[in-house]
Structure formats: C-alpha cells, structure tokens
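Each residue of the sequence shown is one higher than the last, beginning at 1499 in this note's numbering.
Note that beta-carbon positions come from the ideal geometry of N, C-alpha and C, so glycine has one too.
Everything numeric in this text was worked out from a predicted model, so none of it was measured.
Remarks on the structure that follows.
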Amino acid sequence: MEKSLSRNEELKDRWENLVIILSNKFSDGKPLDVEDILYLVGLQELGQIHRKMKKDDNVNLIHIGICSVLEPYGYYRFDYYDEGGWPHFELLEPLPYLKPGEQTILMKDALVTYFLKRELIQ
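Pasting the structure below:
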C-alpha cells in the first residue's frame, strides 16, 4: 500500500511539474488540462505545427495524442502515415472499462511517461 501511495505522489508531483512547464510555454501560464496536453502531443506527433487546422483536425489531434501516449502501454501501434502526413494507429487491445477518475489517472500517467522519455521533465 505504501508503495502505491508514493507512486501516486510521484505521479502527482510530475504531473503538476508538467502542467506548469507546458502552461508557461503554450498558454501564458493558464493551466492546461489533460485534453489540452493531448492536443499538444498530437500536434507534436503530426509534425505540422505551422499548418492551419480545421475544427475536425482538433479532434483528430487529440486522438493522435491518445494513441501516441498509450502506444507504450500496448493499446495502440503506429500503423502508417497517410498522404496528408497524418499518423494512423492500429488498436491492439481495447481499453479496459475505467471510471472517469481512473481514466484521468491513466492519461496523466501516460502523458508523464511520454514527456519523461522526451526529457522535458524528470
């Protein structure tokens, strides 16, 4: 029990650090939420940062973010880039049923892991 408590504290600290870093860089300090950060991951993975996005593109960018951060967990695998340069992923394993709070924890953990690998946070 103590180990999971310290793991939860570590995740909480890393998440708060990540939010501060990204909020200062992309939203003038206004705190970003999980969806905002997934959008940024999707934009990063798309690699077309200066492209003008349509409304539908925003939903697709969040989807790319979700697939990208959950790929190391075995839920998705990168499949191919389409003619527009958009990455596509294959669903390998359906996501388990999670309560909303559990979904948030999974996404925060996946986002922290994503940015740890890219050495934005420690």
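Close-in-space but distant-in-sequence residues of the same chain around residue i (CB under 7 Å, 5 per side omitted)
i: Val1517; result: Pro1529, Leu1530
i: Ile1564; result: Leu1536
i: Lys1550; result: none
Rounded distance between the beta-carbons of residue j and residue i, thought under 8 Å
i: Glu1512; j: Ile1619; result: Checking the sequence shown, residue 1512 turns out to be Arg, not Glu. The Cβ separation is near 6 Å, so the contact holds.
i: Leu1609; j: Ile1535; result: 6 Å
Local conformation of residue i per DSSP, three classes
i: His1561; result: helix
i: Tyr1537; result: helix
i: Lys1606; result: helix
i: Ser1521; result: helix
i: Pro1598; result: helix
i: Arg1549; result: coil
i: Asp1554; result: helix
i: Lys1528; result: coil
i: Leu1544; result: helix
i: Leu1509; result: helix
i: Glu1569; result: helix
Selection from the options that minimises the alpha carbon distance to residue i
i: Asp1555; options: Gly1572, Tyr1537, Lys1510; result: Tyr1537
i: Pro1585; options: Gly1572, Tyr1571, Gly1540; result: Gly1540
i: Leu1589; options: Gly1599, Tyr1573, Asp1580, Glu1600; result: Tyr1573
i: Glu1507; options: Phe1613, Asp1607, Arg1616; result: Asp1607
i: Gly1583; options: Glu1543, Asp1526, Lys1510, Asn1522; result: Glu1543
i: Tyr1670; options: Asp1526, Tyr1571, Met1551; result: In the structure as shown, the chain starts at 1499 and stops at 1620, and residue 1670 therefore has no counterpart that could be examined.
i: Tyr1578; options: Tyr1595, Ile1562, Pro1592; result: Ile1562
Spatial neighbours of residue i in its chain, beta-carbon cut-off 6 Å, leaving aside the 5 residues before and after
i: Lys1553; result: none
i: Ser1566; result: Val1539, Glu1543
i: Met1605; result: Val1532
i: Leu1559; result: Tyr1537, Gly1540, Leu1541
Other residues of its chain near residue i: CB distance less than 8 Å, five sequence neighbours each side excluded
i: Glu1569; result: Arg1575, Phe1576, Phe1587
i: Gln1546; result: Gly1583
For residue i: DSSP bridge partner residues
i: Arg1575; result: Glu1588
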